[in-house]
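> Have a look at this one.
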Amino acid sequence: DKTYSRKACLVNDFKFDPSGIEIDKNILIDIDPLYQFVLHAGRDAFSDCVTGNLDRKRTGVALAAISLPTDASSSLAKNIIGQTYRQNLREGFVHDFKPLSKEESISACVTSLPASILAKGLGLGGESFTLDAACASSIYAVKLACDELSSYRADAMLAGGVSRPDCLYTQVGFSQLRALSPSGRCAPFDERADGLVVGEGAGILVLKRLEDAVRDGDKIYAAIRGIGLSNDIGGNLLSPDSEGQIRAMKQAYESAGWNPRDIDLIECHGTGTPAGDSTEIESLVQLWGKSGWSPAQCPIGSVKSMIGHLLTGAGAAGMIKTLLAMKHKTLPSSLNFKNAHKNSPIHGSPFRVQAETGKWDKRGKEISRKAAVSAFGFGGINGHLLFEECCPDINTNKYKWLSKTSENQAPVSCSDSVPPVAIIGMDAFFGKFKSLAEFRDAIFNGKTSIEERPEGRWRGCDETAAKILGAKDLYGAFIKEFNIDPASYHIPPVEIPDILLQHLLILKVASGAMKDAGLPLRDNRPRMGVIIGADFDYGATDFELRWDILNRQKADSGKNLQIQ
């Protein structure tokens, strides 16, 4: 567990102002910075638009947040489990556990709370949810928010992303992947590029249907004309695949009715990793084709050169940078670029890195400015979004793709617009019921999975758990045994102990559902997706416990802890 760089783009000296947030101020001041970032960005974005006549019960939140330990969840693990380990490892150590405060309990909810706390803080009653689609998450959040608007389930949506994990995880994790920049300089597309630099923060957009924004007199930064989403079929977790990226981009242009060569500016994913950046340029070259363009006609850049890689918030940062560029009619510079590598596919292509700030001129008097934003995530999750400048004289009927309404402008009924959906396969693993067949047997024969907590579930911290919970956790539907065949999923057996049980469980049950549907596990299915509901797995904080024990060893006056 080591990192070879201590450089990151972190937020320092942030003082949260709880004004305008409808939550107890005493709670807000002490909650994890993750939630303070969300509330700060969400409140300021919401106040930037016209909300006087907005029905807040029909306003929702779609927010991206990363499923990594935060400061608060790490502190919780150290307080409950870490101190017990120290007590067991060293004689004379007294466990000084203190009951959790309300603020600590709230802050430890890593994945389930970011969107809902923003909705609560602004008094919003529409649909709210948090998602994690890796570095493509913010574009996914905006796409799902647009779906809420186009279906008339909402009249306004707040959408974007936040990333504020415990920075030890990102520094050590990206070091282990050899993706972190040793120099601490993020240089997308440059021959000196040596990796990414981690950033943190939050970016949130407020979305309305275009005709509603025009009616309300809102300041309109741009119109969303198309969004494409995909997942790589080829490649692997660490190597992106052009085919998947191109599929997402084509989907966006088809929905907009545009040619890729209509674009004036591309905000790339551009992390500063040589292989990833090269693949992204190659994808763009293939998308644009071999003719119909001039060399270096389209400027590209990456906000990560300025603020680092915000992971789940990266797409939001890229979108906001692009919207500001469009508003101010300016091509912003991408930093740390001098020369592309001699083997880079950018040579002789339609693209050039915008190394200096410049004027963004229209192609013609009647031609609006157009831009694209890409966000490509770990594991091959891809998102591509298209913006168009919204001029005062634009005919809003041009944008009806966002609004599926009937002739009298009433929302189209569900029965008219959405075909019935058939459930063709399923599987289950609930507590001791390890399959769909066992669960079916339990349902029809009155069996229960609830029983006493398995011995060792608290990993030697049963006494501490009893102090916290009393008898509240003595019974539950626990999973006592879980087995998986690594070969079935092409997972090296040596890696199984390091994979969170939650991830293996999802893999096993999802494959069981596919088998129940009669679908082979491995096939080329570009139009089949995956959506999984999952909460934060506190097993991820085990790394923090290791680090804490070692740090405590150094601080305990040279007294050695027996660590295995």
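To convert a position in the sequence shown, counted from 1, into our numbering, add 275.
Glycine residues also receive a C-beta, built at the ideal position from the N, C-alpha and C atoms.
#1: Taking Trp733 as the reference, give the member of His315, Ala352, Phe291, Val313 with the closest Cα.
#2: Helix, strand or coil for Met789, going by three-state DSSP, please let me know.
#3: List the residues that DSSP assigns as beta-bridge partners of Ile656.
#4: Apart from the five residues just before and just after Ala703, which ones in its own chain have a Cβ nearer than 6 angstroms to its Cβ?
#5: To the nearest angstrom, how far is the alpha carbon of Thr345 from that of Ala383?
#6: If you run the structure through DSSP and keep just helix, strand and coil, what is Thr405?
#7: Expressed to the nearest angstrom, what Euclidean distance is found between the alpha-carbon atoms of Ala523 and Gly654?
#8: Assuming Gly547 and Leu471 make a contact with CB atoms under 8 angstroms, what is their CB distance in whole Å?
#9: Quick check on DSSP: helix, strand or coil for Thr632?
#10: Only counting the same chain, and skipping five residues up and downstream in sequence, which positions put a Cβ closer than 6 angstroms to that of Ala527?
#11: By DSSP, does Asn611 sit in helix, in strand, or in coil?
#12: Around the Cβ of Ile699, are there at least 16 other Cβ atoms within 10 angstroms (buried) or fewer (exposed)?
#13: Based on the DSSP secondary-structure assignment, which residues constitute the bridge partners of Met432?
#14: Mapping DSSP to helix, strand and coil, what is Pro761?
#15: Taking C-alpha atoms, which residue in Asp823, Gly576, Ser376 lies nearest to Ile306?
#16: How far does the alpha helix (DSSP H) with Glu378 in it reach, from first residue to last?
#17: Could you spell out where the beta strand (DSSP E) holding Cys573 opens and where it closes?
#18: Go through its chain and collect everything with a Cβ distance to Lys675's Cβ below 8 angstroms, but skip five positions before and after it.
#19: Roughly how many angstroms lie between the CA atoms of Lys679 and Val693, to the nearest whole one?
#20: Assuming Gly436 contacts Ala497 under a Cβ cut-off of 8 angstroms, what Cβ separation, rounded to an integer in Å, is found between them?
#21: Cβ of Lys790 within 7 angstroms of Cβ of Ile759?
#22: Starting from Glu851, trace the alpha helix (DSSP H) in both directions and tell me its first and last residue.
#23: May I ask you to verify whether the region 325 to 337 touches the region 389 to 407, counting CB pairs closer than 8 angstroms and requiring at least 3?
#24: Quick check: the Cα distance between Glu727 and Asn301, rounded to an integer number of angstroms?
#25: Please classify Arg797 as buried or exposed, where buried requires at least 16 neighbouring CB atoms within 10 angstroms.
#26: State yes or no: is the C-beta of Pro729 within less than 7 angstroms of the C-beta of Phe753?
#27: Is it the case that the Cβ atoms of Leu433 and Val313 are separated by a distance below 7 angstroms?
#28: By DSSP, does Ala477 sit in helix, in strand, or in coil?
#29: How should Tyr279 be labelled, buried or exposed, when 16 other C-beta atoms within 10 angstroms of its C-beta is the threshold for buried?
#30: Apart from the five residues on each side of it in sequence, which residues of its chain come closer than 7 angstroms, Cβ to Cβ, to Trp563?
#31: Is Ala477 near Gly588, with beta carbons less than 7 angstroms apart?
#32: Look at the alpha carbon of Val286 and the alpha carbon of Asp441, and state the distance between them as a whole number of angstroms.
#33: Decide if Asn268 is buried, meaning its Cβ has at least 16 other Cβ atoms within 10 Å, or exposed.
#34: Give the single residue among Ala600, Leu606, His544 whose Cα lies nearest to the Cα of Ser577.
#35: Reducing DSSP to helix, strand and coil, say where Pro535 ends up.
#36: Just curious, the beta strand (DSSP E) that Ile541 is in, first and last residue?
The structure says:
#1: Position 458 of the sequence shown, counting from 1, holds the residue named residue 733. The shortest CA-to-CA distance from Trp733 to any of His315, Ala352, Phe291, Val313 is the one to Ala352.
#2: Against the sequence shown, residue 789 aligns to sequence position 514. Helix, per DSSP.
#3: By one-based count along the sequence shown, residue 656 stands at place 381. DSSP lists Asn506, Gly652 as partners of Ile656.
#4: Mapped onto the sequence shown, residue 703 falls at position 428. Excluding positions up to five away in sequence, the list reads Leu711, Phe714.
#5: Position 70 of the sequence shown holds residue 345. Position 108 of the sequence shown holds residue 383. Across the structure, Thr345 and Ala383 are spaced so that their CA atoms are roughly 8 angstroms apart.
#6: As a first step, residue 405 must be located in the sequence shown, where it is residue number 130. In the structure shown, Thr405 sits in a strand (DSSP, three-state: E or B).
#7: Position 248 of the sequence shown, counted from the start, is the residue given in the question as residue 523. Position 379 of the sequence shown, counted from the start, is the residue given in the question as residue 654. A straight-line Cα-Cα distance of about 15 angstroms links Ala523 and Gly654.
#8: Numbered from 1 along the sequence shown, position 272 holds the residue referred to as residue 547. Numbered from 1 along the sequence shown, position 196 holds the residue referred to as residue 471. So it is a contact: roughly 5 angstroms between Cβ atoms.
#9: Counting from 1 along the sequence shown, the entry for residue 632 is found at position 357. It is coil, neither helix nor strand.
#10: Here residue 527 refers to the residue found at position 252 of the sequence shown. Around Ala527: Gly501, Ile502, Gly503, His659, Leu661.
#11: Within the sequence shown, residue 611 is the residue found at index 336, counting from 1. Asn611 falls in the coil class under three-state DSSP.
#12: Walking along the sequence shown from the start, residue 699 turns up at place 424. Ile699 is exposed by the Cβ-count criterion.
#13: To locate residue 432, count along the sequence shown from 1; it is residue 157. Met432 is bridged to Gly335, Leu482.
#14: Numbered from its first residue, the sequence shown carries residue 761 at position 486. Pro761 falls in the helix class under three-state DSSP.
#15: Within the sequence shown, residue 306 is the residue found at index 31, counting from 1. Ranking the options by Cα distance to Ile306, first place goes to Ser376.
#16: Position 103 of the sequence shown, counted from the first residue, corresponds to residue 378. DSSP places Glu378 inside the alpha helix (DSSP H), whose first and last residues are 377 to 382.
#17: On the sequence shown, residue 573 is found 298 positions in, with the first residue counted as 1. For Cys573, the enclosing beta strand (DSSP E) stretches over residues 573 to 576.
#18: For the purposes of this step, residue 675 is identified with residue 400 of the sequence shown, where counting begins at 1. Since pLDDT at Lys675 reaches only 46, below the 50 mark, its modelled position is unreliable, and the value read off the structure follows with that caveat. Leaving aside the five residues that flank Lys675 on each side, none in its chain has a CB nearer than 8 angstroms to its CB.
#19: For the purposes of this step, residue 679 is identified with residue 404 of the sequence shown, where counting begins at 1. For the purposes of this step, residue 693 is identified with residue 418 of the sequence shown, where counting begins at 1. Any reading at Lys679 needs caution, since the residue's pLDDT is 42, under 50, leaving its predicted position unreliable; the model's value is listed next. If I take the Cα positions, the gap works out to 11 angstroms.
#20: To locate residue 436, count along the sequence shown from 1; it is residue 161. To locate residue 497, count along the sequence shown from 1; it is residue 222. Their Cβ separation, rounded to whole angstroms, is 18 angstroms, which puts Gly436 and Ala497 out of contact at 8 angstroms.
#21: The residue you call residue 790 lines up with position 515 of the sequence shown. The residue you call residue 759 lines up with position 484 of the sequence shown. For Lys790 and Ile759, no; Cβs fall outside 7 angstroms.
#22: Because residue 851 is not part of the residues shown, which for the chain are 276 to 839, the question remains open.
#23: These segments touch.
#24: Residue mapping note: residue 727 aligns to position 452 of the sequence shown, counting from 1. Residue mapping note: residue 301 aligns to position 26 of the sequence shown, counting from 1. Here the alpha carbon of Glu727 sits roughly 38 angstroms from the alpha carbon of Asn301.
#25: If you number the sequence shown from 1, residue 797 lands on position 522. Result: exposed.
#26: Counting from one through the sequence shown, the residue named residue 729 turns up at place 454. Counting from one through the sequence shown, the residue named residue 753 turns up at place 478. Cβ atoms of Pro729 and Phe753: closer than 7 angstroms.
#27: The sequence position of residue 433 within the sequence shown is 158, counting from 1. The sequence position of residue 313 within the sequence shown is 38, counting from 1. At least 7 angstroms separates the beta-carbon of Leu433 from that of Val313.
#28: Translated into positions along the sequence shown, residue 477 becomes position 202. In the structure shown, Ala477 falls within a strand segment according to DSSP collapsed to helix, strand and coil.
#29: Within the sequence shown, numbered from 1, the residue matching residue 279 stands at position 4. By the neighbour-count rule (16 or more Cβ atoms within 10 Å), Tyr279 is not buried but exposed.
#30: As a working mapping, residue 563 is identified with position 288 in the sequence shown. If you ignore the 5 residues before and after Trp563, its C-beta comes within less than 7 angstroms of the C-beta of Pro535, Arg536, Pro625, all in its own chain and listed in chain order.
#31: In the sequence shown, counting from the first residue as 1, residue 477 sits at position 202. In the sequence shown, counting from the first residue as 1, residue 588 sits at position 313. Contact flag set, yes.
#32: By one-based count along the sequence shown, residue 286 stands at place 11. By one-based count along the sequence shown, residue 441 stands at place 166. Asp441 has its alpha-carbon roughly 12 angstroms from the corresponding atom of Val286.
#33: No answer is possible for residue 268: it lies beyond the span of the chain, which begins at 276 and ends at 839.
#34: Position 302 of the sequence shown, counted from the start, is the residue given in the question as residue 577. That would be His544, whose Cα lies nearest to the Cα of Ser577.
#35: As a position in the sequence shown, residue 535 is number 260, starting the count at 1. Residue state, collapsed to three classes: helix.
#36: Along the sequence shown, one-based indexing puts residue 541 at 266. Counting along the chain, the unbroken beta strand (DSSP E) around Ile541 starts and ends at 540 to 542.
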